[in-house]
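Quick note on numbering that gives the first Met the number 0: the sequence shown kicks off at 0 and runs consecutively. Beta carbons: idealized from backbone N, C-alpha and C, even for Gly. Note sheet for the following structure.
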Amino acid sequence: MALREIRKEGDEILKKKSKDVEVIDERIKTLIEDMIETMHKYDGVGLAAVQVGILKKIIVIDLYDEKPILKLINPVIVKTKGKQEVEEGCLSFPNKYVKVIRPAEVVVEALNENGKKIKITGTSLLAQAISHEIDHLNGVVLTDVMLPGTMEYVTPEDLENAKK
Ligand code: NI
0 MALREIRKEG DEILKKKSKD VEVIDERIKT LIEDMIETMH KYDGVGLAAV
50 QVGILKKIIV IDLYDEKPIL KLINPVIVKT KGKQEVEEGC LSFPNKYVKV
100 IRPAEVVVEA LNENGKKIKI TGTSLLAQAI SHEIDHLNGV VLTDVMLPGT
150 MEYVTPEDLE NAKK
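Written as structure tokens, this is what we have:
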């Protein structure tokens, strides 16, 4: 496994649409493992392949709960329900937080890393994360969906000071 470089705000690749994965080979499996390692390194709850410079429809999500890490290949949202207004960050937009409206519930179909079809229903934070990561696959980023005027810039030092 290896860390990959995260593409940041202003990198044109983040605006591009990702393509379907045709064959889940060793390269893809290694990419998925690298994405998970990279997400964990920066304490993210999700990462899309485009964020490490690969225009393939792959996302990983870890909410740091008891559930297994989600590895979704060619994910498609087949149903959404309700709305939630949430605060959101993105590893490609370090230290920035915005408010967005996300579905309260999403149903997503995808392949897992073994090529098996899976269907997952996510609510609250999981619905938010799935919606955010699938936006990345469509070239849509935080600043495209944020509620106007809600961006806050919070540095790690600010968070440290707030604890004191
Ligand atoms: Ni993101």
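Cross-strand partners of residue i (DSSP beta bridge)
i, result
"glycine 164", "Since the first residue of the chain shown is 0 and the last is 163, residue 164 is not available in this structure."
"isoleucine 119", "Val107"
"leucine 71", "Ile58"
"threonine 79", "Val105"
"glutamate 8", "Partner(s): none; glutamate 8 has no beta bridge."
"glutamate 151", "Tyr96"
Residue i beta carbon near the ligand NI (any heavy atom closer than 7 Å)
i, result
"leucine 90", "yes"
"alanine 135", "It is worth fixing the name first, because residue 135 is histidine in this sequence and not alanine. Because some heavy atom of the ligand NI lies under 7 Å away, the Cβ of histidine 135 counts as near it: yes."
"histidine 131", "yes"
Three-way DSSP call (helix, strand, coil) for residue i in this model
i, result
"lysine 28", "helix"
"glutamate 84", "strand"
"lysine 18", "strand"
"valine 97", "strand"
"valine 139", "coil"
"asparagine 113", "coil"
"glutamate 36", "helix"
"isoleucine 23", "coil"
CB of residue i within 8 Å of CB of residue j, strictly
i, j, result
"isoleucine 168", "isoleucine 31", "Within the shown structure, residues of the chain are numbered from 0 to 163, placing residue 168 beyond reach of any answer."
"leucine 54", "serine 17", "yes"
"valine 97", "methionine 150", "yes"
"valine 44", "aspartate 64", "no"
"valine 140", "cysteine 89", "yes"
"isoleucine 23", "glycine 148", "no"
"glutamine 127", "serine 91", "no"
"isoleucine 133", "proline 74", "yes"
Buried or exposed (CB count within 10 angstroms, at least 16 for buried), residue i
i, result
"isoleucine 100", "exposed"
"aspartate 33", "buried"
"proline 102", "buried"
"arginine 3", "buried"
"glutamate 159", "exposed"
"serine 130", "buried"
"glutamate 156", "exposed"
"glutamate 86", "exposed"
"glycine 121", "buried"
"leucine 146", "exposed"
"alanine 161", "exposed"
"valine 77", "exposed"
Proximity test, residue i beta-carbon vs the ligand COA heavy atom, cut-off 7 Å
i, result
"proline 102", "Among the ligands modelled here, namely the ligand NI, the ligand COA does not occur."
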